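Under our numbering, residues 13 to 262 are what the sequence shown spells out, in order.
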Amino acid sequence: MSNLTALARRIDTKNEQWISATKRRLADLSVFSEAQLEWLSMEHYQFSAANKGFLERAIEATSDLCNPGVATELTRNLHEEDGHAPMYKRGMLEVGTDFDRRVEFRPTTEFLATLERLSSDPGSRALGTLYATETAAIFEHEVFFEICREICHRRNAPWEGTTIKAFHDLHLDGGVEQSHKDGLSVFLTACTPPNGSGLRPLDEDEIYEGAIAAIDAMKHWWTLLIDAVSHSEPHWKATEPSTPILDTRA
C-alpha cells in the first residue's frame, strides 16, 4: 500500500530493521539440522495458535475508540484466521512433524504472555501492537515457507500439493497477511471523540508505543530462538525419527 500514514511508515521502518537482521541469520538453512528446523516450526506454531486470542483481546481493547473501524477491522482479521492454526498443525503432521511432541521453551511462553498483555492495553496501544505483529507475520510466513519446504526436501516428502504449502501460500500469495496490515494501517492516525461521547481518542504516540513494545518483544524472541537452535540440538531429537505419515501426492 503506497498511501501509508507517516506513523505507519515509522513503525514499518522499525520492524524492517530487526526483520532484515533475522532474515540474514536464516539465509542459509543448510547450516541447520532437520531437527533444528523442525524445532523452529514447533515454536512458531505456538505464536500462530495464540494469535486468535490476541485478536480477541485487541477487539475488546479497541471497542471504545473514537473510530469504530478499528475493532471492525480486527474482527475481520479474526474471522479470516479461523482454522488457520489447525491447518498449520495438520499440514506439518502430514509430512512427519507432530507439534504435540513439543517441550516448552520458556522464552516462547514469556513472549506470548507479553503479547497477551500488550494486546489488552487500552485502545491505541493495542492497535499499535496488532499492526506491528501483522506486519511481521508477512516475514514469518516467508521464512517458514522456506523452512517447511526444506524439511520436506530432507525427508524426501512431497511439497507441491501439500497442506503445509497451501497454508503458507494462503498467507502470502493469497494476501491474508498483507491485507491485515493494510487494513489496520489506515487507522494509524489521530482521532478525537466528540465531547461527552465516552469514547477514547486515537493517540499517535500511544499507537507508536504499543507497536515498539511489540517489536521489541518479537526481536527479543527471535534472537533467543535462533541463538538456542544455533548452539544445540533439540533435546527430543532422540525420539523416533520423523517420517511422513501421509503421501499427499495421492
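Every residue gets a Cβ at the ideal spot worked out from N, C-alpha and C, and that includes glycine. Quantities reported herein were computed from a predicted structural model and do not represent experimental measurements.
- Task: Determine which residues share a DSSP beta bridge with R212 and list them.
- Result: Beta-bridge analysis with DSSP links R212 to L77.
- Message: Nearer than 7 Å: is that true of the beta carbon of C160 relative to any heavy atom of the ligand MN?
- Response: Only the bare structure without any ligand can be found here, which leaves the ligand MN out of the picture.
- Query: Under 8 Å between the Cβ atoms of N27 and A144?
  - Reply: The answer is yes: Cβ separation under 8 Å.
- By how many angstroms is the C-alpha of E55 removed from the C-alpha of L77? In this structure, the straight-line span from the alpha carbon of L77 to that of E55 is close to 33 Å.
- Query: What are the partner residues of C160, as DSSP defines its beta bridges?
  - Reply: C160 pairs with nothing; no bridge assigned.
- Message: Are the CB atoms of F44 and V241 within a distance shorter than 8 Å?
- Response: Cβ atoms of V241 and F44: closer than 8 Å.
- For V107, which of I71, E122 and S53 has the nearest alpha-carbon? Considering only I71, E122 and S53, the residue with the shortest C-alpha distance to V107 is S53.
- Query: Do you know how far the Cα of E128 is from the Cα of A18?
  - Reply: Cα-Cα distance, rounded: 27 Å.
- Alpha-carbon to alpha-carbon, I224 and I23: Inter-residue distance for I23 and I224 is about 7 Å (C-alpha atoms, whole angstroms).
- Taking C-beta to C-beta, are G140 and G222 nearer than 8 Å? Yes, Cβ-Cβ distance for G140 and G222 is below 8 Å.
- Query: Anyone know if the C-beta pair for E92 and V188 falls short of 8 Å?
  - Reply: In this structure, E92 places its C-beta atom within 8 Å of the C-beta atom of V188.
- Message: Taking 8 Å as the threshold (C-beta atoms), are E218 and S136 in contact?
- Response: Yes, they are a contact pair.
- Inter-residue Cα distance where the pair is T120 and W233: If you take the alpha carbons of T120 and W233, they lie about 7 Å apart.
- Nearest neighbour of T126, chosen from L86, F59 and K177 [CA to CA]: Comparing alpha carbon positions, the residue from L86, F59 and K177 closest to T126 is F59.
- Message: Determine whether the beta carbon atoms of E85 and G195 lie at a separation below 8 Å.
- Response: Less than 8 Å divides the Cβ of E85 from the Cβ of G195.
- Query: Whose CA, out of V155, L182, E50 and E162, lies closest to the CA of D10?
  - Reply: Any question about residue 10 goes unanswered here, given that the chain covers just 13 to 262.
- Sequence-distant residues of its chain with Cβ nearer than 7 Å to Y100 (five each side left out): Setting aside the 5 residues that flank it on each side, Y100 is surrounded in the same chain by Y57, S60 and F179, each with a C-beta closer than 7 Å to its C-beta; the list follows chain order.
- Item | Alpha carbon of A73 to alpha carbon of E122, nearest angstrom | Our two residues, A73 and E122, have alpha carbons roughly 21 Å apart in a direct line.
- Task: Under 6 Å Cβ to Cβ from Q48, same chain only, skipping five residues before and after it: list those, please.
- Result: Only V241 meet the Cβ criterion.
- Item | Rounded straight-line distance, which links the Cα of L142 to that of N89 | Those two C-alpha atoms are separated by around 10 Å.
- Item | Neighbourhood of H243 by C-beta, 8 Å cutoff - its chain only, sequence neighbours within 5 removed | Excluding residues within five positions, none has a Cβ falling inside 8 Å.
- Classification of V155 by the beta-carbon crowding that lies within 10 angstroms, buried from 16 upward: With 16 or more Cβ atoms within 10 Å of its Cβ, V155 is classed as buried.
- Compute the distance between the beta-carbons of P205 and P213, then report whether it is under 8 Å. Going by C-beta atoms, P205 is nearer than 8 Å to P213.
- Task: Using a threshold of 8 Å, state whether the C-beta atoms of E50 and T109 are closer than that.
- Result: Yes, the pair counts as a contact, with Cβ atoms nearer than the cut-off.
- Task: Less than 8 Å between the CB atoms is what I'm expecting for G103 and I176, so what's the real figure, rounded?
- Result: With 8 Å as the limit, G103 and I176 qualify as a contact, their Cβ atoms being about 3 Å apart.
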